[in-house]
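Structure first, then comments.
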Amino acid sequence: MSTPHETQEAARQALGVLATQSVEDGLLALGSSPQGLSEAEAAERLARIGPNEVLAAPAAGAWRQFLKRLANPLNFLLLALALVSVFTGNVQSAVIIALMVLLSITLGWVQEHRSGQAAQALRALVHTTATVLRRGGVSVPQSASESGTQELPISQLVPGDVVHLSAGDLVPADVRVLSARDFFINESALTGESLPVEKHALVEARGVEVLALRNMGFMGTHVASGTATAVVVHTGERAVFGGIAQSMMEAEAPSSFALGLNRFTWLMLRFMAVMVPLVFLVNGLTKGDWLEALLFASAVAVGLTPEMLPMLVTMNLAKGALALSRKQVIVKRLDAIQNFGAMDVLCTDKTGTLTQDRIILEKYVDLDGQPSDQVLDFAYLNSYYQSGLKNQLDLAVLKYAEVHAKLHEEGLYQKIDEIPFDFQRRRMSVVVQRGEERLLICKGAVEEVFSVCREGDFGGQRVQLDDSHLPAIQAAARALNEDGFRVIALAYRPLTAATHTMSVADEADLILLGFMAFLDPPKESAQPALAALKRHGVAVKILTGDNEVVTRKVCQQVGLSVERVMLGHEVEPLSDRDLQEAVGGTQVFAKLSPTQKARVIAALRARGHVVGYMGDGINDGPALKAADVGISVDTAVDIAKESADIILLEKSLMVLDVGVREGRRVFANLLKYIRMGASSNFGNMFSVLGASAWLPFLPMAPIQVLTNNLLYDLSQSAIPTDRVDPEELRQPRRWEIGQIARFMFWMGPLSSVFDYVIFAVMFYGFGAQTPEQAALFHTGWFVESLLSQTLVIHVLRTARVPFAQSRASWPLTATTLGVCAAGVMLPYSPLAGALGLVALPWSYWPIVLTVLVAYLGLAHVLMRRVWRPAHGVVKRVALPPS
Numbered sequence: 022m023s024t025p026h027e028t029q030e031a032a033r034q035a036l037g038v039l040a041t042q043s044v045e046d047g048l049l050a051l052g053s054s055p056q057g058l059s060e061a062e063a064a065e066r067l068a069r070i071g072p073n074e075v076l077a078a079p080a081a082g083a084w085r086q087f088l089k090r091l092a093n094p095l096n097f098l099l100l101a102l103a104l105v106s107v108f109t110g111n112v113q114s115a116v117i118i119a120l121m122v123l124l125s126i127t128l129g130w131v132q133e134h135r136s137g138q139a140a141q142a143l144r145a146l147v148h149t150t151a152t153v154l155r156r157g158g159v160s161v162p163q164s165a166s167e168s169g170t171q172e173l174p175i176s177q178l179v180p181g182d183v184v185h186l187s188a189g190d191l192v193p194a195d196v197r198v199l200s201a202r203d204f205f206i207n208e209s210a211l212t213g214e215s216l217p218v219e220k221h222a223l224v225e226a227r228g229v230e231v232l233a234l235r236n237m238g239f240m241g242t243h244v245a246s247g248t249a250t251a252v253v254v255h256t257g258e259r260a261v262f263g264g265i266a267q268s269m270m271e272a273e274a275p276s277s278f279a280l281g282l283n284r285f286t287w288l289m290l291r292f293m294a295v296m297v298p299l300v301f302l303v304n305g306l307t308k309g310d311w312l313e314a315l316l317f318a319s320a321v322a323v324g325l326t327p328e329m330l331p332m333l334v335t336m337n338l339a340k341g342a343l344a345l346s347r348k349q350v351i352v353k354r355l356d357a358i359q360n361f362g363a364m365d366v367l368c369t370d371k372t373g374t375l376t377q378d379r380i381i382l383e384k385y386v387d388l389d390g391q392p393s394d395q396v397l398d399f400a401y402l403n404s405y406y407q408s409g410l411k412n413q414l415d416l417a418v419l420k421y422a423e424v425h426a427k428l429h430e431e432g433l434y435q436k437i438d439e440i441p442f443d444f445q446r447r448r449m450s451v452v453v454q455r456g457e458e459r460l461l462i463c464k465g466a467v468e469e470v471f472s473v474c475r476e477g478d479f480g481g482q483r484v485q486l487d488d489s490h491l492p493a494i495q496a497a498a499r500a501l502n503e504d505g506f507r508v509i510a511l512a513y514r515p516l517t518a519a520t521h522t523m524s525v526a527d528e529a530d531l532i533l534l535g536f537m538a539f540l541d542p543p544k545e546s547a548q549p550a551l552a553a554l555k556r557h558g559v560a561v562k563i564l565t566g567d568n569e570v571v572t573r574k575v576c577q578q579v580g581l582s583v584e585r586v587m588l589g590h591e592v593e594p595l596s597d598r599d600l601q602e603a604v605g606g607t608q609v610f611a612k613l614s615p616t617q618k619a620r621v622i623a624a625l626r627a628r629g630h631v632v633g634y635m636g637d638g639i640n641d642g643p644a645l646k647a648a649d650v651g652i653s654v655d656t657a658v659d660i661a662k663e664s665a666d667i668i669l670l671e672k673s674l675m676v677l678d679v680g681v682r683e684g685r686r687v688f689a690n691l692l693k694y695i696r697m698g699a700s701s702n703f704g705n706m707f708s709v710l711g712a713s714a715w716l717p718f719l720p721m722a723p724i725q726v727l728t729n730n731l732l733y734d735l736s737q738s739a740i741p742t743d744r745v746d747p748e749e750l751r752q753p754r755r756w757e758i759g760q761i762a763r764f765m766f767w768m769g770p771l772s773s774v775f776d777y778v779i780f781a782v783m784f785y786g787f788g789a790q791t792p793e794q795a796a797l798f799h800t801g802w803f804v805e806s807l808l809s810q811t812l813v814i815h816v817l818r819t820a821r822v823p824f825a826q827s828r829a830s831w832p833l834t835a836t837t838l839g840v841c842a843a844g845v846m847l848p849y850s851p852l853a854g855a856l857g858l859v860a861l862p863w864s865y866w867p868i869v870l871t872v873l874v875a876y877l878g879l880a881h882v883l884m885r886r887v888w889r890p891a892h893g894v895v896k897r898v899a900l901p902p903s
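Residue numbers are given in my numbering: position 513 of the sequence shown equals residue 534, and the series is strictly consecutive.
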């Protein structure tokens, strides 16, 4: 059985073969005829090949989404610890742990489920039909015309069907054009080419890239102007569009954020796998009570586990999603917010993302390159009076309403005749008259218009033209092309008032007047947005299906320097390793196919970059899926919105920079919890091991360990609301497990030093040396441990001077102070007996206060030395306003 990739490759080869065949041979190869298929033939093929549908990835049910969020190592560990707590009698602990896991999963599930529903609404498709020619049969509906045409749902089309296409139609399948008149297809969603592409029925040369074939139309594009008859070649998943959709259904590679979170989780698991059994063995061997040792070890395991991590991750990401929603940004996948902040390379399509995907007439110049109102006037008359649906170039000219008013003030023109456009001539003409003045006005491709010109109008001076003038004319047009313009030549000829039907023969002895230059302009927000991204350490690369010349111009307009360009045919033969070497120094990748875009992104990720991709077309689907964070825009096609993680509903691209900073803010707050939790847990293990080997009783009762852990976790629940120092937002943020481990191995022992000071004070100073005095020892360490762990967040949250240069948010300040107050009062409260706590002597409090001040001071010094800020050395700056 062939793979989807092999099927798609065979389909593309078949398109290439059909393109080189005549219309008659192509129909014969498809088993069809100019009159289409019979109903019986169509029914047989539909049963054999299947409906003309691109199967979307099946939407995961609510329970599958819920279970998917549950399936990570940390959640499994927490649930295992909850079971251990149940078997060892700590039901309260099991309930607390289970509630934390449930709350974390539910928060994330609700957010993503709502986003998924919004995305589903965005991509809902209307019922679409196609005009099909069938050779009679019993199933022809009554509405069918005498010629056998009928409107059928596009899902019922099969290879060999003959379809009629006209302006505004979707191209329902991959088709071979049989006949065409002024037929242009907008393929920007598939290829990135902003201008409509002319299609014809002529035979193509061998070896032409599939998407460049001019006698083929592709599923998912739409007709901009003209009419055509075409035969269906491929439907469903064999169509080019179907291949793109298939590639998007493949399993997503884990994102940078998910990989980093998993690495941290496994770091903590390996640490616990060593330390918890040691605690169990040391207490069992030194105390002789193995059941008590098991209870204590299980409580310590719970205390060591960063059980708040899943919930804080979700709360941080949900807060970021809420902040972005106020900026008109839909976050479909919560992880994408952090990837936004970690992103150091943004790859973007050109058309519709950097540009407006809207053609404008930028210049109208004479043959000397000077602005010419006469060129604009004649161009307006040509576009205004041509029959049929106006293409984008005509609409761009007709937006000059002041020209219409001026021409009418000078006297109304009347249309006399028209010579329509065709592919061979590549030009079209109208004949207009005002008073005794009658003009033939012709526009078209530069060389084709030049070929029928006898004179040239240079600054009002008529010059006889011959072949020697063509290089200069071509150079003038080429100069505009190199500025990113599409150039149309304009010529005219005065006519006599004699009436006769105009024909192609009348397009002769014209006067070449000048050029019209059209442009797809960049979005106004593109340049400041990309400049802001550059300031924040994000490199921008352009990946487009459009040509190199136009892309260079757009890059120049939005302030992107281009030193190296790679084209699709250069990317295709490279191995993955060679491509990884090439992508680093390349700023623009042009004429790329959808799969080539995805390859470039994979190569960048293989080099260690966190890659974002922004696109809005069908051809961007695989690239959006391949990136760490896929970003689409409000005008994107449905398949791009489906593939994206983040959708910008606002025209301004400045929200890109807002999203980057929000992602870094989310990650910075997450790292605060990780720094504190990892270092304090590591320190507690040193303290527990030493005290277990030294003391004749447990260092702390299991219920006290769990209560301490619960209060400590509550104090950190407000971390998502915390402020973030500006230097934390200046550069991309990503997981650095080595730095976290290094920080843990330095800060952990520091906290243990002060734990041992309290041990000595309680053991020698207050005589808590026997099992009968264990409650006093437990209470002293319980209070000091809770206060130090809770307050140290104010030090570990910033590399600045805490409280003076950087203050925590008021919710975080309130929760930490509230938990500290609860810890101080518990030994004197009615709950003291149930928790095994006793009142502490008043002489204890000055000692613990001194220990806390010394610990927090040394922690600040170590924090500045060990934790490398995101942007070099932290400078003294004024505290920003709240």
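Glycine is no exception: its CB is placed at the ideal position from the N, C-alpha and C atoms. The structure presented is a predicted model; accordingly, all values stated were derived computationally and were not measured.
DSSP places M237 in the strand class (E or B) of the three-state scheme. Of G238, L100, T248, G247, the smallest CA-CA separation from V261 is found for G238. Excluding its 5 nearest sequence neighbours in each direction, S653 has C-beta neighbours in its own chain below 8 Å: M635, G636, D637, D641, L645, A661, K662, S664, A665, I667, I668, L669, listed in chain order. The segment 725-800 contains, as complete alpha helix (DSSP H) runs of 4+ residues, the segments 758-781 (chain order). In chain order, A789, F798, G801 place their CB closer than 6 Å to the CB of M783, counting only its own chain and leaving out the 5 sequence neighbours on each side.
Assignment of beta-bridge partners to L531 by DSSP yields C474. Per the C-alpha coordinates, the member of L516, Y777, L551, W756 positioned closest to V676 is L551. Scanning T522, N360, E313, T871 for the CA closest to the CA of L808 turns up T871. V882 is not bridged by DSSP to any residue. For the pair S806 and F707, the CB atoms are not nearer than the 9 Å cut-off. For G698, the enclosing alpha helix (DSSP H) has its first and last residue at 675-715. Cα atoms of C474 and A647: separation of roughly 52 Å, rounded to the nearest angstrom.
Take the alpha-carbon of G52 and the one of D182: they are about 10 Å apart. Comparing C-alpha distances from A880 to each of A245, Y406, I814 shows the shortest one belongs to I814. Per DSSP, reduced to three states, the secondary structure at K384 is strand.
Spanning the alpha carbons of V621 and N360 requires a straight line of approximately 18 Å. Per DSSP, F361 is one residue of the alpha helix (DSSP H) stretching across 356-363. A direct Cα-to-Cα measurement between T728 and P543 gives close to 59 Å. Here the alpha carbon of V418 sits roughly 32 Å from the alpha carbon of V184.
In the DSSP assignment, V396 falls within the alpha helix (DSSP H) that extends over 394-406. A residue is called buried when at least 16 other Cβ atoms come within 10 angstroms of its Cβ; T376 meets this threshold and is buried. Between P717 and R284, the alpha-carbon positions lie close to 38 Å from each other.
Taking C-beta separations shorter than 6 Å and ignoring five residues to either side along the sequence, the partners of Q578 in its chain run P543, following chain order.
In the three-state reduction of the DSSP assignment, G633 falls in the strand class, which pools E and B. In summary, T811 is buried, with 16 or more beta-carbon neighbours lying within 10 Å of its beta-carbon over all protein chains present. F301 carries a helical assignment under DSSP once its states are collapsed to helix, strand and coil. Around the beta-carbon of Q391, fewer than 16 other beta-carbon atoms lie within 10 Å, marking it exposed. The residues G362, E749, L750, R754, in chain order, have a CB closer than 7 Å to that of R685 in the same chain once the five nearest residues on each side in sequence are set aside.
Judged by DSSP in its simplified three-state form, A188 adopts coil rather than helix or strand. The Cβ neighbour count for V874, taken over all protein chains shown within 10 Å, is under 16; the residue is labelled exposed. DSSP, read as helix, strand or coil, puts Q413 in helix. A distance below 9 Å separates the beta carbons of S736 and V840. With respect to the C-alpha of L154, the residue from E476, E225, K436, Q56 having the closest C-alpha is Q56. Counting only the Cα atoms, A624 lies some 6 Å from L600. When C-alpha distances from T374 are compared across P441, R291, F292, V575, the shortest belongs to V575. For G606, the closest alpha carbon among the candidates R585, G257, A314 is that of R585.
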